[in-house]
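Per our numbering, the sequence shown starts with residue 2, numbered consecutively. Virtual Cβ for every residue (Gly too), placed ideally from N, Cα, C. Keep in mind the model is a prediction, meaning the values are calculated, not measured. Below is one structure, written out as structure tokens; the observations come after it.
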Amino acid sequence: AVSLRGVSHGGGHASAADESLAAIGLDANSTEGVVSINGGNGTDVNHTEDATSTNGSSGAHIGERAGTPKKDEQAGAAHRQGKAHREGHDKADADGHNNDKKAKFDPKKPWLTRRGSFFVIGDWGYDPIAHWKTINNGTCQKAIAKKMLDHMEALGDVRFVLNLGDSFYPDGVKSKDDPQWERKWRNVYDKKLRSVPWYSVYGNHDYHKDPCACSPDPNDCAQINGNVSDLDYFVMPNHTWYQEHPDLGVEIIGMDLNKYMKGWNHDLEAHAQVFEDCNWSPCKEKCLQYSNERAGRSFDLFFERTKASSAKNLLVMSHYPTDYFSSAEFFLTALSDNSTHNILYFGAHRHNTDQWSTFSTSPNENWVVGGGGGYSCDGPQQGFVVGEIYHDYSIHTYNMLVDYDTCCISPATSTTTVPPWAK
């Protein structure tokens with residue numbers, strides 16, 4: 002059985018976060034509850050070239066902005082390393098050792114006792130009419146979907162997909178009866194890929210014609226679904242939410258940060274950050290109001306869970322990469338704190354799949370995973386991210402990419418060169 006429970010926000014989170022929210026004009030208190038999901042089977046449901054591993058505070062099953070982003074040559078080496086690592090995983094799968102928790106843990110071959118794995122993808126909802134000229138029609142999305150299926154079968158233990166939004170170009174879906182659910186999701190991603198929850202957040206395009214843009218009631222939203230057993234739709238119980246997987250040592254935090262859509266402009270101060278795509282909704286002023294409130298609740302939840310969660314790893318997701326939050330320095334600072342949790346952040350929006358184009362959150366990790374094949378090639382790396390959770394609850398992440406020519410029509414657009422903050 003699955004039960005939903007709202008979380009009242011009459012109080013605040015950490016005082017520093019309260020001050021930060023007040024400084025950017027967001028209300029830490031709310032009347033629209035954050036939802037957590039509780040499910041059975043031991044699960045409490047509540048935008049590289051790099052192959053990375055996260056390690057942090059001890060304990061199993063305890064329930065620099067410019068930084069050093071990787072340059073192309075470093076990324077290529079890491080990608081080769083990751084490829085060799087993945088070949089080892091495939092061999093382990095073939096040998097039948099995958100997820101063998103009784104086997105003696107070998108630190109040189111941690112995948113022999115892997116606890117589970119997950120995928121991350123964003124910006125995939127291809128539309129044959131509304132897309133940019135650099136994408137190779139629907140071939141790209143389908144090629145990525147096929148690679149996801151192949152890797153899911155090789156791993157044998159994928160538990161969930163983190164879906165970072167812009168799932169339906171160009172204007173989202175209007176209801177759960179919208180034919181785009183079938184055409185752009187169910188008919189593209191194999192039933193096996195959809196046999197695990199797609200934990201989701203809203204992207205900017207998703208809001209255009211979704212009743213969510215004009216209503217504070219989650220029940221009016223076309224994508225929101227709090228029934229973890231209903232895999233005919235995404236699992237997204239509210240605009241901002243959390244889910245615990247104690248058996249994996251992870252907690253997922255979904256955030257609605259569409260207020261920061263203009264965050265690419267690092268000259269904008271916090272008060273000037275607005276959800277620009279409200280211009281496409283029939284209720285611009287209400288849309289702007291709700292996007293501000295949802296960002297406030299998202300920060301509120303994030304700080305509450307970083308304080309209260311017993312998980313070793315926090316998987317934090319929104320539609321935007323870290324370099325969109327220069328006006329929310331308090332958030333970037335928190336994402337870089339590994340004193341109590343390993344924090345992995347995943348954003349999208351920019352249509353590439355890498356770690357080198359984002360603001361660093363070292364010693365933690367973050368990715369932009371917007372190369373899902375839905376709209377354009379903002380760079381040559383189109384694909385998805387894989388996370389593997391090992392015996393000791395550490396997480397190894399790497400990207401799986403399709404061939405450039407399969408996805409992109411030259412020239413790719415904006416992230417083919419190292420951005421200023423990565424130099």
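| Item | Value |
| --- | --- |
| Contact between the segment 130–144 and the segment 371–379 (3+ Cβ pairs under 8 Å) | yes |
| Cβ-based neighbour list, N56, same chain, cut-off 6 Å, excluding 5 preceding and 5 following | Annotation note: pLDDT 39 at N56 (below 50); position unreliable, no value reported. |
| Distance between C213 and G173 (C-alpha atoms, nearest Å) | 11 Å |
| CB-CB length for L232 against S196, believed under 8 Å | 7 Å |
| According to DSSP, residues forming a beta bridge with R368 | Note on residue identity: the sequence assigns Trp, not Arg, to residue 368. The partner list for W368 (beta bridge, DSSP) reads F347. |
| Proximity below 8 Å, CB of H320 to CB of G139 | no |
| Cut-off 8 Å between Cβ atoms - residues of its own chain near S59, not counting five sequence neighbours on either side | Because S59 carries a pLDDT of 27, less than 50, the predicted location of this residue cannot be relied on, and the following value inherits that uncertainty. So no residue of the chain qualifies. |
| Cβ pair T323, L315 closer than 8 Å | no |
| Closest residue to K147 among Q181, Y391, V189 (Cα-Cα distance) | V189 |
| Distance, I253 Cα to I344 Cα | 10 Å |
| Cβ-Cβ distance between Y208 and N259 below 8 Å | yes |
| Nonlocal neighbours in the same chain, by C-beta distance under 6 Å from G117, ignoring five residues either side | D158, R160, L249, I390 |
| Collapsed DSSP secondary structure at Y391 in the structure displayed | coil |
| 3 or more residues per run - each beta strand (DSSP E) lying fully within the segment 264–322 | 314–318 |
| Straight-line gap, H267 to S361 (C-alpha atoms, nearest Å) | 15 Å |
| In DSSP terms, what W199 is bridged to | V162 |
| Expected contact under 8 Å - CB spacing of W368 and V387 to nearest Å | Wrong, their Cβ atoms sit about 11 Å apart, outside the cutoff. |
| D211 beta carbon less than 8 Å from that of K175 | yes |
| Length of the line joining the Cα atoms of N228 and V403 | 33 Å |
| Nearest-angstrom Cα separation, counted from S328 out to L271 | Residue 271 is actually Ala in this sequence, not Leu. Cα to Cα, A271 sits roughly 5 Å from S328. |
| Whole-angstrom distance between T359 and A312, CA atom to CA atom | 25 Å |
| C-beta atoms of W199 and V236 nearer than 8 Å | yes |
| W142 - DSSP class collapsed to helix/strand/coil | According to the sequence shown, residue 142 is Gln rather than Trp. Q142: helix per DSSP, three-state reduction. |
| Three-state class that DSSP yields for M262 in the structure shown | coil |
| Cutoff 6 Å; reference I130; Cβ partners in own chain excluding five residues on either side | none |
| Euclidean distance between Cα positions of T114 and D218 | 43 Å |
| Range of the contiguous alpha helix (DSSP H) that encloses Y405 | 405–408 |
| DSSP three-state assignment for D355, whether helix, strand or coil | strand |
| Local Cβ density within 10 Å of P238, reported as buried at 16 or more and exposed below that | buried |
| Burial state of K185, where buried means 16 or more other Cβ atoms lie within 10 Å | buried |
| Among N293, K110, N164, the one whose alpha carbon lies nearest that of M262 | N293 |
| Option in L333, T341, V275, C288 with minimal Cα separation from R1 | An answer regarding residue 1 cannot be provided, because it is not within the stretch 2 to 424 covered by the chain. |
| Rounded separation between D124 and V162 - CA only | 14 Å |
| 8 Å Cβ cutoff met for Q1 and D355 | Outside the modelled stretch of the chain, which goes from 2 to 424, sits residue 1, for which no answer is possible. |
| Outcome for A273 when other beta-carbon atoms lying within 10 angstroms are tallied against a minimum of 16 | exposed |
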